[in-house]
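Here the sequence shown stands for residues 1 to 223, numbered as in this note's numbering.
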Amino acid sequence: MFNRSSLLIVAAAVFAGLGLLAAQQWIERGPQHSAPALETVIPFATPRPIPPFELVSAAGPVTEASLRGRWTVVFIGFVSCPDICPTTLTDMAKAQRAWAALPEAQRPRLLFVSIDPERDTPELIAGYARHFHPETVAATQPDLARLETFTNSLSLVFRKVPLGDTYTMDHSSSMVVLDPEVRVAGVIRPRLPEGATPGSGAIPVIDAEAVARDLAALAGAGA
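Rendered as structure tokens:
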């Protein structure tokens, strides 16, 4: 029968062994970063890989390889968009100015993808995007099937809508967050301004300051 001293010695040995095991597991895994608290980015529990893609920009191809290594926010739209596109790009420019203080390797970026390649050339998209912020990556894909494959992989949709003798485009207003491994890691959904109701014609907006803080936190957590 064990006495009190024997039990204490056994217990100490067990806890010491557990401590060594935990330390070994921590060393094998490396230091673990806890997920930062986010204000407006809705994170996915498990980031989702997307298939290989190639977009076309005025500066050359945009692929998963060129996006790898940094956090990226993807927004789809078109140059002649009358409302949600300029509103969102104006708001995102505020976030981009806030990120300018971060080291370049850690700085999140914005990728604007035109879903109207019939009218939007890579040069036209580049000039349009630079109007809001010079560091925005602007691209499209002339092959509509390949463009749809890319946007569908992000759960973003668009469609061409006849408008008299011309047309406009309907498209998702949400933005997708890609992690440094180019996986879908979260989504940013714009909201109606306070007091506005659906059907009122109000344009959904994002909280640019919250987006800036969220992406800076994500970039910092992964550093």
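In this text, a Cβ means the ideal position worked out from N, Cα and C, and glycines have one as well.
#1: Residues in the same chain with beta-carbon distance under 6 angstroms from Leu-55, minus the five sequence neighbours each way, listed in chain order, please.
#2: Along the chain, where does the alpha helix (DSSP H) that runs through Ala-145 open and close?
#3: For a quick check, are the C-beta atoms of Leu-111 and Thr-72 less than 8 angstroms apart?
#4: Would Val-176 and Ser-57 qualify as a contact pair, given that the criterion is a beta-carbon distance under 8 angstroms?
#5: Measuring CB to CB, does Ala-216 end up less than 8 angstroms from Trp-99?
#6: Measure the beta-carbon distance from Pro-108 to Arg-70 and round it to whole angstroms, keeping in mind my assumption that it falls under 8 angstroms.
#7: Considering only the alpha carbon of each residue, which of Ile-42, Asp-120, Phe-150 and Glu-39 lies closest to Pro-52?
#8: For Val-182, name the three-state secondary structure that DSSP assigns.
#9: Are the CB atoms of Pro-190 and Thr-88 within a distance shorter than 8 angstroms?
#10: Where does Gly-77 sit, in a helix, a strand or coil, going by DSSP?
#11: Thinking C-alpha only, which one of Leu-38, Ile-84 and Ser-114 is nearest Gly-201?
#12: Determine the direct distance from the alpha carbon of Ala-93 to that of Met-169, and round the result to whole angstroms.
#13: Could you please give the first and the last residue of the uninterrupted alpha helix (DSSP H) stretch that includes Pro-86?
#14: Where does Glu-194 sit, in a helix, a strand or coil, going by DSSP?
#15: I'd like to confirm the pairing. Which residues does DSSP put opposite Gly-60 in its beta bridges?
#16: What residue from Ile-203, Pro-193 and Val-157 has the CA that sits closest to Gly-77's CA?
#17: To which residues of the same chain is Ala-22 closer than 7 angstroms at the C-beta, ignoring the five residues directly before and after it?
#18: Indicate whether Asp-207 and Thr-40 have their beta-carbon atoms separated by less than 8 angstroms.
#19: Measure the C-alpha to C-alpha separation of Ala-219 and Pro-49 and round it to an integer number of angstroms.
#20: Is it right to say Pro-162 is buried, meaning 16 or more other beta carbons lie within 10 angstroms of its own, or is it exposed?
#21: Is it buried or exposed for Ala-234, if we count other Cβ within 10 angstroms and need 16 for buried?
#22: Which partner residues of Pro-43 appear in the DSSP bridge assignment?
Reading off the structure:
#1: Val-62, Ala-139 and Gln-141
#2: First-last of the alpha helix (DSSP H) with Ala-145: 144-153.
#3: If you check the CB distance, Leu-111 and Thr-72 come in under 8 angstroms.
#4: no
#5: Ala-216 is a Cβ neighbour of Trp-99, given a cutoff of 8 angstroms.
#6: 7 angstroms
#7: Phe-150
#8: The answer is coil: DSSP assigns Val-182 none of H, G, I, E or B.
#9: yes
#10: strand
#11: Ile-84
#12: Distance between the alpha carbons of Met-169 and Ala-93 is about 23 angstroms.
#13: 84-99
#14: Here Glu-194 carries a coil assignment [DSSP, helix/strand/coil].
#15: Ser-57
#16: Looking from the CA of Gly-77, the closest CA among Ile-203, Pro-193 and Val-157 belongs to Val-157.
#17: Here the model assigns Ala-22 a pLDDT of 40, short of 50, so the residue's position is not dependable, and the following value carries that caveat. Here the set comprises nothing.
#18: yes
#19: 18 angstroms
#20: Label assigned to Pro-162: exposed.
#21: No information on residue 234 is available, as it lies outside the stretch 1 to 223 that the chain covers here.
#22: Gly-186
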